[in-house]
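*Asks:*
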Amino acid sequence: FYFKTHGGEPTLYTYNAPYDARHWFPSWDLPGDKATSRITVRAREDHHVYANGALVGVTPPQGGVRTWVWEESNAIATYLISVTIGPYATLLDTVEVDGIDVPIHHEVFPEDTTKARFDFEHVGEMLRFFAIDTSEPYPFDKYGYSEVPGLGGAMEDQSCVTIGSPLITGTRAYEDVVAHEAAHMWFGDLVTPEDFRSVWLNEGFATYWDALFSKHYYGDDAFRDRLLEFRRRDGPLWDSTPIFDPPLARIYSSIEYEKAALVLHMLRYVIGEPAFADAIAAHVDAGRYGHATTDSFQAHCEAAAGTDLQWFFDQWIYAAGKPSYLWSWRETEPGRFALRVEQSEAPLFHMPLPFTAHGAWGSDELRIEVPAEPVVEIDFALPGALDSLRFDPDLWMLCDAEQQPWTGIGGAESDPKELVALLGAPSPNPFNPRVALPLDLTKAQSLRLAVYDTRGALVATLFDGRLGAGRHLVRWDGRNERGRPAATGVYHVRLDTANGRSRTTIVLLR
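Numbering (the numbering used here), first residue to last: 2 to 511.
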């Protein structure tokens, strides 16, 4: 129990995850056990009580007290049982999800009702999207959020999410959290991991589906932004701790949230969209009102894809780290090409890698199988001359990747080429509001000029196409890919061509 005050009024809420339910009711306090629940609370007549399931009774006030009874008739894990009590205002609505009317019930502090209505406005669309995307109707008696003071996040209590006051802003600044908790009704509440070794089945899935909702509602750019946000959480922990069976202190770390979400995204690429959708539907159907394990999810993926995926789960779920690639290409004869891929750091990964090839004939999406070897050369064919080859433009892969000048197996230069593109000194530098970047090309060629932040995330693509020989000036106005002003700071400008790479550093001062 957490006893807090709000505006001088007492409030109470519970927060059980992962193993704290035992501190306020007798229980077998592990996620692998489920039961139904009935919560009876006597509270001040001017306070509201909110809990799991359906409200089955409220007595008239007697002596300044009312008795509330909430009953959850669906199986529920102990860590998801919840009660909140406070001087609330009630917000009610009904949304149709797959032809079924779902009651929406929020309890918020009276001064936050306008903000909450705005922040929670898309909840109905979230439930509809998750129901369609999982092939499973909304599974509980109601859905809603209960506001509590002193909590900096939210908790996916079954049918009644507990959410901290700082997240209700009236700006939808935390809509990703709102969507994340809604996704948990399927991933975590309906289907619960048998134990917290597989907590990624909760957090990684809810994180990935909150990003998928952003794609559904706001479009591809919003989805790409979420994937880039996930990648920025990468750090030493991702390279040292596997997703499966994290230490207790790491159960709710970015390994189980953002890294696991990116691994799901890669799995979707590896087995393909139809198989991924079938695997998710089977996972939810088999575990509904019960449990799942990492093994059972892997089995659903293998059945849907018709192939063994032990190699994928061994690399990404049971081991730590991510691959680091150095790659280059050359034309070996008209219409035929060689791709060289070097894995510059251990561990070595086997992965299918996405490339996009561009030429006068158009563009092709390539899927190149790269084995777990230090250096490989792979031949491929195209309809004509290749102007440019881009690695993973759609952000499927979790890895480091850098294009290099062509070097053959064993390190010997093969078909050496002169440096035909040079990125000159930027002017002015530091700059505000714009900077000029000179390019010197000794021959016509395709190139890409882009700005990156110090973490390596793309900020703006300045040019991606073909230029003739000579000096060119490319200007950056300090705005990112979405047209918004970039923040004051240090940025790296990178010029990529088929023959190599050139870099420079610029400083933006607002």
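Where a beta carbon is used, it is the ideal one built from N, C-alpha and C, also for glycine.
Would you mind stating whether Asp211 and His185 have Cβ atoms separated by less than 7 Å?
*Replies:* no
*Asks:* Just to confirm, are Ser166 and Tyr144 a CB contact at a threshold of 7 Å?
*Replies:* No, the Cβ-Cβ distance between Ser166 and Tyr144 is not below 7 Å.
*Asks:* Give the straight-line distance between the Cα atoms of Arg227 and Pro394, rounded to the nearest whole angstrom.
*Replies:* 15 Å
*Asks:* If we ignore side chains and look at the alpha-carbon of each, how far apart do Pro138 and Ala283 end up?
*Replies:* 14 Å
*Asks:* Within the same chain, show all residues whose beta-carbon is closer than 7 Å to that of Pro324, passing over the 5 residues directly before and after it, in chain order.
*Replies:* Gln344, Phe350, Met352 and Cys400
*Asks:* Can you list, in chain order, the stretches of the beta strand (DSSP E) that have 3 or more residues and sit fully within the segment 169–215?
*Replies:* For the beta strand (DSSP E) assignment, the uninterrupted runs of no fewer than 3 residues enclosed by the segment 169–215 are, from N- to C-terminal side, 192–194.
*Asks:* Whose CA, out of Arg495, Val460 and His493, lies closest to the CA of Asn1?
*Replies:* Residue 1 falls outside the range modelled here, since the chain spans only 2 to 511, and no answer is possible.
*Asks:* Measuring straight from C-alpha to C-alpha, what distance separates Pro434 and Asp441?
*Replies:* 24 Å
*Asks:* Around the C-beta of Ser199, are 16 or more other C-beta atoms found within 10 angstroms, so that it is buried, or is it exposed?
*Replies:* buried
*Asks:* Measure how close the beta-carbons of Glu274 and Arg234 come, nearest whole angstrom, since I'm counting them as under 8 Å.
*Replies:* About 25 Å; that fails the 8 Å criterion.
*Asks:* What is the C-beta distance between Leu238 and Ile256, in whole angstroms, given that I count them as a contact (C-beta under 8 Å)?
*Replies:* 6 Å
*Asks:* Distance check for Gly360 and Pro335, CA to CA, integer angstroms please.
*Replies:* 13 Å
*Asks:* Rounding to the nearest angstrom, what Cα-Cα distance links Ile86 and Asn53 in this structure?
*Replies:* 13 Å
*Asks:* Check this for me: beta carbons of Thr443 and Arg391, under 7 Å apart or not?
*Replies:* no
*Asks:* Spatial neighbours of Met248 within its chain, please: CB distance less than 8 Å, with the 5 preceding and 5 following residues excluded, ordered by chain position.
*Replies:* Contrary to the premise, residue 248 reads as Pro rather than Met in this sequence. Cβ neighbours of Pro248 beyond the five flanking positions: Thr242.
*Asks:* As a quick exercise: from Asp177, Leu152, Thr489 and Trp362, pick the residue whose alpha carbon is nearest that of Lys5.
*Replies:* Nearest option by C-alpha distance: Leu152.
*Asks:* Using the C-alpha atoms, what's the distance from Gly501 back to Tyr492?
*Replies:* 20 Å
*Asks:* Grouping DSSP H, G and I as helix and E and B as strand, with all else coil, what is Ile133?
*Replies:* helix
*Asks:* For the alpha helix (DSSP H) containing Gly288, list its first residue and its last residue.
*Replies:* Glu274 to Gly288
*Asks:* Leaving out the 5 sequence neighbours to the left and right, which residues in its chain are closer than 6 Å to Arg341 when beta-carbon positions are compared?
*Replies:* Ser329 and Glu378
*Asks:* If you scan the segment 455–479 from start to end, which runs of the beta strand (DSSP E) of 3 or more residues do you find wholly inside it?
*Replies:* 459–468 and 471–477
*Asks:* Considering only the alpha carbon of each residue, which of Tyr3, Ala373 and Trp25 lies closest to Pro348?
*Replies:* Ala373
*Asks:* Please list, in chain order, all residues of the same chain as Ala470 whose beta carbon is under 8 Å from its beta carbon, the five residues on each side excluded.
*Replies:* Here the set comprises Leu442, Thr443, Lys444 and Ala445.
*Asks:* With DSSP as the reference, identify every bridge partner of Tyr144, one or two as the case may be.
*Replies:* Beta-bridge analysis with DSSP links Tyr144 to Ile105.
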